[in-house]
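Undergrad: Quick one: the structure is below, questions incoming.
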Amino acid sequence: MIIKLLWIVLLSLSLLLVGAERAWAFCGFYVSKADASLYNQASQVILAHHEDQTILTMASDYQGQPQDFALVVPVPTVITRDQVQVTEPALMERLDAFSAPRLVEYFDRDPCEPLPIMAPLTMRAAVINGPINRALGVTVVDRFTVGEYDIVILSAQESQGLATWLRRSGYQIPKGVAPLLQPYIRQGMKFFVARVNLGNYQRSGYQFLRPLQIRYQSPKFMLPIRLGMVNATGPQDLLVYILSPQGRAEVTNYRTVQVPSGEEIPLFVKQEFSSFYKAMFRTAYERENRNVAFLEYAWDTNNCDPCAAAPLTPEELRQAGAFWLDEPPSDQDSRFAAPGSTFITRLHVRYTRDKFPEDLMFQETANQEFFQGRYILRYPYTGDATCAAARRYRQQLPQEYEHQAETLAELTGWDIQGIRSRLGRP
Amino acid sequence: MFQDARHSQIIALVTFLILGVAQRDWTLDPPGVLLLGLACLLTQAALSRQPPQSPAGKSALITALGLTVLLRSESWFGLPVAGCLGIGSKFWLRVRGKHLFNPANFGIIAATLLGLPVWVSPGQWGEEIWTALVFLGLGGMVLRQVGRWETSGVFMGAYGLLEMGRNLWLGWSWDVLAHRLMSGSLLVFALFMISDPRSIPDARWARAGWAAAVAVLTFVLRNNFALSTAPFWALFLLAPLTPLLDYLWPQERFTWTDPSPENPNP
Numbered sequence: 050m051i052i053k054l055l056w057i058v059l060l061s062l063s064l065l066l067v068g069a070e071r072a073w074a075f076c077g078f079y080v081s082k083a084d085a086s087l088y089n090q091a092s093q094v095i096l097a098h099h100e101d102q103t104i105l106t107m108a109s110d111y112q113g114q115p116q117d118f119a120l121v122v123p124v125p126t127v128i129t130r131d132q133v134q135v136t137e138p139a140l141m142e143r144l145d146a147f148s149a150p151r152l153v154e155y156f157d158r159d160p161c162e163p164l165p166i167m168a169p170l171t172m173r174a175a176v177i178n179g180p181i182n183r184a185l186g187v188t189v190v191d192r193f194t195v196g197e198y199d200i201v202i203l204s205a206q207e208s209q210g211l212a213t214w215l216r217r218s219g220y221q222i223p224k225g226v227a228p229l230l231q232p233y234i235r236q237g238m239k240f241f242v243a244r245v246n247l248g249n250y251q252r253s254g255y256q257f258l259r260p261l262q263i264r265y266q267s268p269k270f271m272l273p274i275r276l277g278m279v280n281a282t283g284p285q286d287l288l289v290y291i292l293s294p295q296g297r298a299e300v301t302n303y304r305t306v307q308v309p310s311g312e313e314i315p316l317f318v319k320q321e322f323s324s325f326y327k328a329m330f331r332t333a334y335e336r337e338n339r340n341v342a343f344l345e346y347a348w349d350t351n352n353c354d355p356c357a358a359a360p361l362t363p364e365e366l367r368q369a370g371a372f373w374l375d376e377p378p379s380d381q382d383s384r385f386a387a388p389g390s391t392f393i394t395r396l397h398v399r400y401t402r403d404k405f406p407e408d409l410m411f412q413e414t415a416n417q418e419f420f421q422g423r424y425i426l427r428y429p430y431t432g433d434a435t436c437a438a439a440r441r442y443r444q445q446l447p448q449e450y451e452h453q454a455e456t457l458a459e460l461t462g463w464d465i466q467g468i469r470s471r472l473g474r475p
Numbered sequence: 017m018f019q020d021a022r023h024s025q026i027i028a029l030v031t032f033l034i035l036g037v038a039q040r041d042w043t044l045d046p047p048g049v050l051l052l053g054l055a056c057l058l059t060q061a062a063l064s065r066q067p068p069q070s071p072a073g074k075s076a077l078i079t080a081l082g083l084t085v086l087l088r089s090e091s092w093f094g095l096p097v098a099g100c101l102g103i104g105s106k107f108w109l110r111v112r113g114k115h116l117f118n119p120a121n122f123g124i125i126a127a128t129l130l131g132l133p134v135w136v137s138p139g140q141w142g143e144e145i146w147t148a149l150v151f152l153g154l155g156g157m158v159l160r161q162v163g164r165w166e167t168s169g170v171f172m173g174a175y176g177l178l179e180m181g182r183n184l185w186l187g188w189s190w191d192v193l194a195h196r197l198m199s200g201s202l203l204v205f206a207l208f209m210i211s212d213p214r215s216i217p218d219a220r221w222a223r224a225g226w227a228a229a230v231a232v233l234t235f236v237l238r239n240n241f242a243l244s245t246a247p248f249w250a251l252f253l254l255a256p257l258t259p260l261l262d263y264l265w266p267q268e269r270f271t272w273t274d275p276s277p278e279n280p281n282p
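Protein sequences appear in the order of chains A and B. Going letter by letter, the first sequence gives residues 50 to 475 in this note's numbering. Going letter by letter, the second sequence gives residues 17 to 282 in this note's numbering.
Structure follows, in structure tokens:
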């Protein structure tokens, strides 16, 4: 009887889960002070994390007028002036370049000559103290200016009050955002609100807004993506570079899946690596049911093989937040990782509201296994060779071309006939 | 064959392992897994002074399979050491002849505390509903046989209610709750670890109350301390209450098969 009851409960629970309402996802959301329509489609974030210490660096592909830019991010603790700084935009580009999926080229050797000649060459994928307003329950915990940004740290008691405060202060926040603020308020999180200080921006002489960097101490190792889904029209891409002295990082509440890698593909892809990668990513994303985080790179920052860009220098890593480089290694770190080493994990998350209901939670692991998104172009030997091995080699080539074509079709979803005709094959 | 519930546990865990490797691209290190199996069986044999093929060897195999499903390591020694510690705990940490900890749980926590290069990947299962149903189905098969189903039921029920309450209070939509509960490692924990009849309280009500306490602690550790391995810590921390509960509410102790002179050990 009791077993029956248990099964009824379990069954109803699973039905409830199946039928759960499909309520209608960067960090935080961008708000506009003018009526410009802003969509954050792709963002890049660096998370330098170890134990309870996190340094979060945020950059976006914001294209609008600087005076219209504003950013609201829930943060686990109160952030003070000395915990915020701006970094060079080049830093994000360096991390991207170092960790991007890459094409490698190999040249077949003369089949009559036993010595291998390998020439790896890489290309980058183009991817991607204030007054208390008691009536609204909003407390301005701190207000300061860092570089070209005016920052306000808010603590709130209820979401409608916070939404009203933001609107009254001239931020045009997206419709429907108020209910989403509530869970963060109730978890005791604070709000980091940044807008551009035009005077400082013009004096700085920068063409683009520089990434903002926040340092905080909290066991929460997460990125709030829910708010960012409010003003999104379609899937959004997020690239997270996680730096840790320990090893790889992974997402704990969604699957972390390696992007397809190590496949040989036809030579013409060299001219269109960017569209190849996009198609391949989309295919993998669909195949994994659109609810996973993709691992694109995991490596020690001291080296790379092959290198898509020069390894990151200790100075660059410090700028990116690797605070442990300034600290003597603890016993536990030195036991398994080289002292002072930094491991980088590049995660690519394409998220939508229906497939990513929860914010992204991460953990650093002891996993030091290297991984890279790497695609191989193999150039056939075209010199004169008349030995028996050369004949066999030439006989095998068509099969290999066919195999590469099939691989490409499978990875990208491109039409196999189209690929064959580009290869000059029937 | 299903006289001994350990057989169905072994089948269920092997099924999960195959599903994980085939459907979920788990990267297992076969030599490491083999070493883990050997380490568990040999530790069991050495400490019980019985050959590995004795009935107690099945329990050691379940511990090895549980660790293979839940624990990840990149080094060859991480899993085997966790296995040895887990099996060792059955012999070294006993109160009135009953082991204090579930061996796989002890292995996971001890290896973590010792700073071994191991980790639990709670996200590795994904949340597809079919996976959950497979889990429930196979788990049910095991639980009905063992007769300790209420431990899993109370744990999942209490944890589900707490998460539901939190979800309502925070104002998240229901799919957040569904996503939080559809965690593969949470289910494996509920079905195979917390229901281990050899290390949980013998009396039914004591067991139910204890399982609810594990659920509350899991909830607190996950939400207030952001611990992704919360259920394992909760079980580890509350396992020492079992002897006390057994003392207060004594009940006949569970054995896998009919007690017989040749099977006196775990």
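The beta-carbon is built from N, C-alpha and C at its ideal position, and this holds for glycine as well. No experiment lies behind these values; they were computed from the predicted model shown.
#1: In terms of alpha-carbon separation, which member of A/P160, A/L144, A/M278, A/E137 lies closest to A/Y428?
#2: For A/S324, count the other beta carbons within 10 Å of its own beta carbon; 16 or more makes it buried, fewer makes it exposed. Which is it?
#3: Out of B/A80, B/I216, B/P266, state which residue places its alpha-carbon closest to the alpha-carbon of B/F117.
#4: So is A/A149 in contact with chain B if we call contact Cβ pairs under 8 angstroms?
#5: Drop a sphere of 10 angstroms on the beta-carbon of B/I34, count the other beta-carbons inside from all chains shown, and report buried for 16 or more, exposed for fewer.
#6: At the 8 angstroms Cβ level, is B/V236 part of the contact set with chain C, yes or no?
#7: Is any beta-carbon of chain A found at less than 8 angstroms from that of B/F32?
#8: Write down the C-beta distance between A/N416 and A/R297 rounded to the nearest angstrom, noting that I regard them as a contact closer than 8 angstroms.
#9: Quick check: the segment 238-249 of chain B against the segment 184-192 of chain B, are at least 3 beta-carbon pairs closer than 8 angstroms?
#10: What does the Cβ neighbour count give for B/S211, buried or exposed, with the cut at 16 atoms within 10 Å?
#11: If contacts are defined as beta-carbon pairs under 8 angstroms, then A/L288 and A/R158 qualify, I think. What distance do you get, rounded to the angstrom?
#12: Taking only three categories from DSSP, how would you classify B/T167?
#13: Mind checking who A/S267 pairs with in its DSSP beta bridge?
#14: Would B/F235 pass as a contact of B/L29 if the rule is Cβ separation under 8 angstroms?
#15: Can you give the Cα-Cα distance for A/R441 and A/A454, rounded to whole angstroms?
#16: Taking DSSP as the reference, what is the three-state secondary structure of A/E335?
#17: Since I believe B/L254 is in contact with B/W221 (beta carbons under 8 angstroms), could you give me their beta-carbon distance rounded to a whole number of angstroms?
#18: If I follow the unbroken alpha helix (DSSP H) through B/T84, where does it start and stop?
#19: Give the residues of chain B in contact with A/P268, contact being defined as C-beta atoms less than 8 angstroms apart.
#20: Among B/L52, B/P96, B/G82, which residue has its Cα nearest to the Cα of B/Q25?
#21: Name, going along the chain, the residues of the segment 218-239 of chain A whose beta-carbon falls closer than 8 angstroms to a beta-carbon of chain B.
#22: If you reduce the DSSP assignment to three classes, tell me which class B/A38 lands in.
#23: For the alpha helix (DSSP H) holding A/Y233, just list the boundary residues, first then last.
#24: Can you find at least 3 beta carbon pairs, one from the segment 406-420 of chain A and one from the segment 339-347 of chain A, that sit closer than 8 angstroms?
#25: Is there a Cβ of chain A sitting closer than 8 angstroms to that of B/V134, yes or no?
#26: Taking DSSP as the reference, what is the three-state secondary structure of B/S211?
#27: List, in chain order, every chain B residue whose beta-carbon is nearer than 9 angstroms to that of A/T142.
#28: Alpha carbon to alpha carbon, what distance is there between A/F330 and A/D145?
#29: Using the DSSP secondary-structure output, state which residues sit across from B/W185 in a beta bridge.
#30: According to DSSP, A/M410 sits in a beta bridge with which residue or residues?
#31: Helix, strand or coil for A/Y428? Go by DSSP, reduced to three states.
#32: B/A228 to B/Y175, Cα distance in whole Å?
#33: Would you say B/S105 and B/F122 are within 8 angstroms of each other, going by their C-beta atoms?
#34: Which whole-angstrom value describes the C-beta separation of A/P273 and A/P406, a residue pair presumed to lie in contact below a C-beta threshold of 8 angstroms?
#35: How big is the Cα-Cα spacing for A/A227 and A/A212?
#36: Kindly indicate which three-state DSSP category B/V49 falls into: helix, strand or coil?
TA: This is what the structure gives:
#1: A/P160
#2: exposed
#3: B/I216
#4: no
#5: exposed
#6: In the displayed structure, chain C is absent; the protein chains listed are A and B.
#7: no
#8: 4 angstroms
#9: no
#10: buried
#11: About 37 angstroms separates the two Cβ atoms, so there is no contact after all.
#12: helix
#13: Paired residues: none, contrary to the question.
#14: no
#15: 21 angstroms
#16: helix
#17: Going by Cβ atoms, the distance from B/W221 to B/L254 rounds to 16 angstroms, so no, they are not a contact pair.
#18: 72-86
#19: F241, A242, L243
#20: B/G82
#21: P228, Q231, P232, R235, Q236
#22: helix
#23: 227-235
#24: yes
#25: yes
#26: coil
#27: For clarity, residue 142 of chain A is Glu in the given sequence; the question names Thr instead. What A/E142 touches in chain B: nothing, since even the nearest Cβ is about 29 angstroms away.
#28: 16 angstroms
#29: Bridge partners of B/W185: none, in fact.
#30: A/M271
#31: strand
#32: 8 angstroms
#33: yes
#34: Between A/P406 and A/P273 the Cβ distance is about 13 angstroms, and since that is not below 8 angstroms, they are no contact.
#35: 6 angstroms
#36: helix
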